[in-house]
Amino acid sequence: MTDQWEVGRSPFPLLDSDNDYSGRDFDSVFIRNSKSLSHAFLNGVTIANSVFANADLEQCEFGEAQFTQTSFLSCLLAGSDFVRTTFSDVIFEDCDFTDGEWRESVFTRTKFVRCKFAHTTVNLCSFYKCEFLSGSLAGLDYKAVNYNVFSNCTFEGGVSNETVLSRNFGLKPVKASSSVVRFGTEVTLEQVCLVSGARPTKVFDLVRAIDFECSRFRGRLKKLRLEFISNVVRLMASERKIAPSSLIYIEGILSRLGSTLLEDGDPQAVISAFVTVRNALFEQVNEILRSEPVSDGQVGKLLLEYNATYTREEGRALASALDEVLGGGTGAIRLTSVRHGSTIFSIDLSALICSAAAALAAINLLLSQAQISIRKIKELKRQVKQSKPKTRTKRSVAVLEKPTPALLLSGKQPVELIRLRRAVEEAGIVLVQLDEPVSAILFIREGKTKGTKD
């Protein structure tokens, strides 16, 4: 009787004498009840839409392999190595990973069901939208599991070992009490990781931890931690939980660290982390500047409501940064009022001729966690009192038509990014502090904006 998963698939093409399948591509294959692949070399293979059932894959090498839409059912993978391997839409069910080594591998929408992790070394791996079910998480509560990131993962149960929690980002603690940490003036990477699986990570805490980590960098011993930091930053950027302004600030931290290692130490780890952050920055800027405009009209006023308490000086710094990004630092944008409790900043944009699309882009460059809604002033006459601007500055920001490459160290950059860098140089850590979830209302005047050239 043919199993359902064999339909449409061919038997795995086993080699007669050599057990080296490196670099080969396999599509829609299956293998079951076989020990033929034990100790096999599968480096660089691409395997798609396939099934491994009751297969012995012990002591195999899967360096830089790629698996998509593949199932591993009751497979022995003890002592096997996953190094820079990628898994997408893969299922591991009743699999044994004892004594395996996983490093720099990426798992996306991968499900682990009743899997055994015993003395499995897992370092610098990334797990996106993965599931750890029916006891699979238990074996990861092990001190050889370090510097991994978990994003939007489902866990049955949690990890109790606080050392493990403090060395991984987004790993769920078994008890909420184990996620309570009081931050002092110095925030460590371990503290940020310890609470990361229980509550959203604050950008300000992460940046302070990165700054503290880099201030005590001691060369080669920190390579793993720097790569881990860059993976965490890349993860938060991909989820829009950190703004381009904060990414620029982190670039500055890494740049300063790199300059101290030019004559003493190995700067390669710093350069690698810098490039990762720079690429994340450009990807986010491209996404923001290429967004379709949601409404026609000219902006007049912006309300920002935070749950936290901020000062008038911090509000002025934010208004100044918006003025720099939108108008190149004309001084046309100003903070008009601050209300406390939940802090509400009211910022007047009416003196700057600016489209809603440009204003949205500028807000997202500074505050990518902002939930922005647009209201038309004409419809809210009784609720919104407008002030007539004394002067009007004819400036607008164009939405990017083509993406700018993720340049590594130099080259052409969009004008908005150049202005954003100036804003970060001016306001620095204040913008990082304000990089938090915020409710934003952008008031616009109805009618299309007449764009003008800078």
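Per this note's numbering: the sequence shown = residues 1 to 454.
By construction, the Cβ of each residue, glycine as well, lies at the ideal position given by its N, Cα and C atoms.
In the DSSP output, what is glutamine 66 paired with across the bridge? Its beta-bridge partners are Thr46, Thr86.
What does a CB cutoff of less than 6 Å around alanine 78 pick up in its chain, not counting 5 residues either side in sequence? Glu58, Asp96, Thr98, Asp99
So what's asparagine 307 in DSSP terms, helix, strand or just coil? coil
Distance between aspartate 348 and serine 196 (C-alpha atoms, nearest Å): 36 Å
Taking a contact to mean a Cβ-Cβ separation below 8 Å, would you say asparagine 19 touches alanine 53 in this structure? no
Looking only at its own chain, which residues have a Cβ that is under 8 Å from the Cβ of leucine 15, when we skip the five neighbours before and after it? The beta carbon of leucine 15 sits closer than 8 Å to those of Tyr21, all from its chain and outside the five residues before and after it, given in chain order.
Measuring straight from C-alpha to C-alpha, what distance separates valine 325 and alanine 423? 7 Å
Quickly, what does DSSP pair alanine 440 with across the bridge? List them, please. Leu304, Ile372
I need the straight-line Cα distance from threonine 201 to glutamate 101, nearest angstrom please. Threonine 201 and glutamate 101 have their C-alpha atoms spaced approximately 29 Å apart.
What's the gap between the Cα of threonine 493 and the Cα of lysine 116? In the structure displayed, the chain extends from 1 to 454; residue 493 sits before or after that span and is not available.
State the Cα-Cα distance for the pair leucine 42 and arginine 24, rounded to the nearest angstrom. In this structure, the straight-line span from the alpha carbon of leucine 42 to that of arginine 24 is close to 8 Å.
Is proline 13 buried or exposed, if buried means 16 or more other CB atoms sit within 10 Å of its CB? exposed
Measuring CA to CA, which of Asn161, Pro267, Arg103, Asp323 is closest to alanine 361? Asp323
Cβ neighbour criterion (16 or more within 10 Å) applied to isoleucine 377: buried
Candidates Ile363, Ser136, Val106: which alpha carbon is nearest serine 291's? Ile363
Going by C-alpha to C-alpha distance, which of Cys214, Val233, Leu302 sits closest to glutamine 259? In the sequence as displayed, the identity of residue 259 is serine instead of glutamine. It is Cys214 whose Cα lies nearest to the Cα of serine 259.
By DSSP's criteria, asparagine 123 is part of a beta bridge. Which residues make up the other side? Arg103, Asn146
Can you tell me which of the three DSSP states aspartate 20 falls into? Three-state DSSP puts aspartate 20 in a strand.
Rounded to a whole number of angstroms, what is the C-alpha to C-alpha distance between valine 90 and alanine 198? A straight-line Cα-Cα distance of about 26 Å links valine 90 and alanine 198.
Would tyrosine 306 and valine 438 qualify as a contact pair, given that the criterion is a beta-carbon distance under 8 Å? yes
Using only CA atoms, which one of Leu189, Gly157, Ala273 lies nearest to serine 134? Closest by C-alpha distance to serine 134, out of Leu189, Gly157, Ala273, is Gly157.
Is it buried or exposed for isoleucine 418, if we count other Cβ within 10 angstroms and need 16 for buried? exposed
Could you pull the DSSP bridge partners for isoleucine 347 from this structure? Leu302, Leu335
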